[in-house]
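Working notes, beginning with the structure itself.
Protein chains in written order, with the working numbering: chain W, 6 to 110; chain V, 6 to 110; chain A, 1061 to 1157; chain L, 1061 to 1157; chain U, 78 to 193; chain P, 78 to 193.
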């Protein structure tokens, strides 16, 4: 695929049980390969992805992964190195500064 | 409430985000107070209840909590002392030997 | 024989149609049917539950807290968790939808 | 202006009615509409999507893997993830339902 | 200015998510360039009644809506959805709009986040 | 003998849960006194087509159904649901029953587990 520009924002608010995870992984891989910047925000049951190796792999490939620390803490989900321990403020910025924004919830 | 006999089996297959948790907690407390034996089985996203203090409290009050170890392991959920680390065989027995069985999924 | 349907979702078509079919003329005389609405099922319209009266005795109830939390003044009698537990054990069979 | 609706659930009434309303006669000339069916939305019946053709250009597509996984031979053209990414960036606005 | 619409279409309390979606909506206002509208539509309109989520251990609703309004953002309800459900009295403030205006709002928005 | 019916009523693969529900159904046969029936009804019948869940990283379906049948348990599909969806060809074996028989089955069962 030819190179593209821009930033893709993704909200992922479902647990790894949802098909959303597969779609987000595949779309993010495709975007990164094409040169698109990807930042995703995990909240609600989406924070359980901290325990999912697929998200760690996306981060290793260059996606920025931010988690709602409040939701992670209330679910007793442990902090991981591959994610930015953030807040809803990060989502507010992402919604504003991404070129395209997709919600998966 | 007057004392009752019997065993109540509960399947809980949703994450703590669901209202199921509140209902299961309240109904289990009521049942234990009434002298009913309660055994619950956690599977799918229900295994995230291992990270939820409400389930630990129910176990402390006398409920038997069994988890599908397979689902817990694939979600990288840590083993906790208050639960029996079980399998679908435990659910097969519970469905068979409980007097009433309620599924929350 | 008494069957209890505990319904958790608003307008749950399969649960309601199953209860309706069980309440129908084909069911054995003397059978009893109870429906307990909990969670967002307390918002289920009366019209949806209208078919639930036939040759068997049908009782429809709501869980008190769940209705109150949603500002629902239900036309059906309400019970608390003690009542729910008792209902579960008084019924011969229970389906929690 | 081109708006893309990505629909994930079968027969998603609000998503379809919104797209239909946007495709209606009230919409500005020159507007374009695209609908991409993914996940279980690939099972959405053609009859449900029938109203989606009016004064604006409407293109309906399915995500290839998601249709194939469900044994769906869709009447709509299929695209892969490269196509989905391109579609997202080619559209001015995207709603992922 | 980025015009963001959050859609709340589902029944009130079967999960904690509606409260979370409203917490998110308040959070979206933290970027001052975002103009946030929360749209209650379909079964989502039940949340606008005088609910009492504490009774069932569920998340807060009204405080989030009050915060949104006091910060100058918007709470909107779809008239058609209210009418279909016979809801005439709201427990909180909302701008009640006909479906045509709702569709315009969604068409004009820069970002739409359907919540569920 | 405890007669257990597991109901699968939802669309195929938006979550991994249908595969999990079938894994559970096979697990239920581990107590020899349980007689297990898996009932596909409403949108659940789509799972009986020649699906290929691996394509989307989803869980297995057919192996669980084969295991159930080979262990002497039962896979049932609701005729009305199949007809409404125009599904005439199945990718796996199932006893196709009219709704009246399905209701009888649910009435007679000792345990019913609606899955979703």
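Ideal Cβ positions, reconstructed from N, Cα and C, are used throughout, including at glycine.
Does DSSP put residue i in a helix, in a strand, or in coil?
i	result
residue 1094(A)	strand
residue 1079(A)	helix
residue 15(V)	strand
residue 111(P)	strand
residue 187(U)	coil
residue 20(V)	coil
residue 179(U)	helix
residue 1149(L)	helix
residue 154(P)	strand
residue 69(V)	strand
residue 126(U)	coil
residue 105(V)	strand
residue 1072(A)	coil
residue 168(U)	coil
residue 1121(L)	strand
residue 1084(A)	coil
residue 132(P)	helix
residue 1132(A)	coil
residue 85(V)	coil
residue 1158(A)	Nothing can be reported for residue 1158(A), as the shown portion of chain A is limited to 1061 through 1157.
residue 92(W)	coil
residue 148(U)	coil
residue 7(W)	coil
residue 1064(A)	strand
Kindly list, in the order they appear in chain B, the residues whose Cβ is closer than 7 Å to that of residue i.
i	result
residue 189(U)	As a matter of chain content, chain B is missing from the structure shown, whose protein chains are W, V, A, L, U and P.
Assuming residue i contacts residue j under a Cβ cut-off of 8 Å, what Cβ separation, rounded to an integer in Å, is found between them?
i	j	result
residue 81(U)	residue 186(U)	7 Å
residue 105(U)	residue 96(W)	7 Å
residue 1070(A)	residue 1151(A)	Contact doesn't hold; Cβ gap of about 23 Å is too wide.
residue 1136(A)	residue 1120(A)	5 Å
residue 162(U)	residue 100(W)	About 30 Å; that fails the 8 Å criterion.
residue 1145(A)	residue 28(V)	The pair is not a contact, with the Cβ atoms about 12 Å apart (cut-off 8 Å).
residue 1099(L)	residue 1157(L)	The Cβ separation is near 10 Å, so there is no contact.
residue 1067(A)	residue 1097(A)	6 Å
residue 110(U)	residue 88(U)	The Cβ separation is near 33 Å, so there is no contact.
residue 110(V)	residue 193(P)	6 Å
residue 113(U)	residue 1082(L)	Their Cβ separation, rounded to whole angstroms, is 21 Å, which puts residue 113(U) and residue 1082(L) out of contact at 8 Å.
residue 1141(L)	residue 32(W)	6 Å
residue 20(V)	residue 50(W)	5 Å
residue 1134(L)	residue 1122(L)	5 Å
Does the distance from the CB of residue i to the CB of residue j come in under 8 Å?
i	j	result
residue 37(V)	residue 11(V)	no
residue 17(V)	residue 54(V)	yes
residue 14(W)	residue 87(W)	no
residue 1130(L)	residue 123(P)	yes
residue 1078(L)	residue 1093(L)	no
residue 131(U)	residue 1074(L)	no
residue 23(W)	residue 128(P)	no
residue 84(P)	residue 175(P)	no
residue 101(P)	residue 56(V)	no
residue 170(U)	residue 152(U)	yes
residue 70(W)	residue 47(W)	yes
residue 1125(L)	residue 133(P)	yes
residue 41(V)	residue 9(V)	yes
residue 125(U)	residue 167(U)	yes
With respect to 7 Å, is the separation between the Cβ of residue i and the closest non-hydrogen atom of the ligand COA below this value?
i	result
residue 33(V)	As for the ligand COA, it is missing from this structure, which has no ligand bound.
Could you please tell me which residues of the segment 89-105 of chain W, in chain order, have their CB closer than 7 Å to any CB of chain U? Those residues of the segment 89-105 of chain W that come within reach of chain U (Cβ to Cβ, closer than 7 Å) are 93, 94, 96, 97, 98, 100, 101.
Select from the segment 47-72 of chain V all residues with a C-beta closer than 8 Å to any C-beta belonging to chain P, and list them in chain order. Residues passing the 8 Å Cβ filter: 48, 49.
Name the residues in the segment 10-29 of chain V whose C-beta lies less than 9 Å from a C-beta of chain U; which are they? So the list reads 19, 20, 21, 22, 23, 24, 25, 26, 27, 28, given in the order they occur along the chain.
Run through the segment 22-62 of chain V for me and flag every whole beta strand (DSSP E) of 3 or more residues, listed as ranges in chain order. Restricted to the segment 22-62 of chain V, the beta strand (DSSP E) segments that are unbroken, complete and at least 3 residues in length are 42-47, listed in chain order.
Which residues, taken in chain order from the segment 101-120 of chain U, show a beta carbon closer than 8 Å to some beta carbon of chain W? Under the 8 Å Cβ criterion, the segment 101-120 of chain U contributes 101, 103, 104, 105, 106, 107, 108, 110, 111.
Identify each residue in the segment 82-101 of chain U for which the Cβ-Cβ distance to at least one residue of chain V is less than 9 Å, and report them in chain order. For the segment 82-101 of chain U, the beta-carbon criterion of a distance under 9 Å to any beta-carbon of chain V is satisfied by 90, 91, 92, 93, 94, 97.
Relative to chain W, which residues along the segment 121-137 of chain P have a C-beta separation below 8 Å, given in chain order? For the segment 121-137 of chain P, which is checked against every Cβ of chain W, the residues closer than 8 Å are 133, 134, 135.
Residues of the segment 1138-1152 of chain A whose Cβ lies closer than 9 Å to any Cβ of chain V, in chain order: Correct list: 1140, 1141, 1142, 1144, 1145, 1146, 1148, 1149, 1151.
For the segment 1077-1106 of chain L, list every residue whose C-beta sits within 7 Å of some C-beta in chain W, in sequence order. Listed in chain order, the positions of the segment 1077-1106 of chain L with a beta carbon within less than 7 Å of a beta carbon of chain W are 1098, 1099.
Please name the residues in the segment 143-171 of chain U whose beta-carbon is closer than 8 Å to at least one beta-carbon of chain A, in chain order. Answer set for the segment 143-171 of chain U: 168.
Going along the segment 1114-1131 of chain A in order, which residues come within less than 7 Å of chain U, judged by CB to CB distance? So the close ones are 1125, 1126, 1128, 1129, 1130, 1131.
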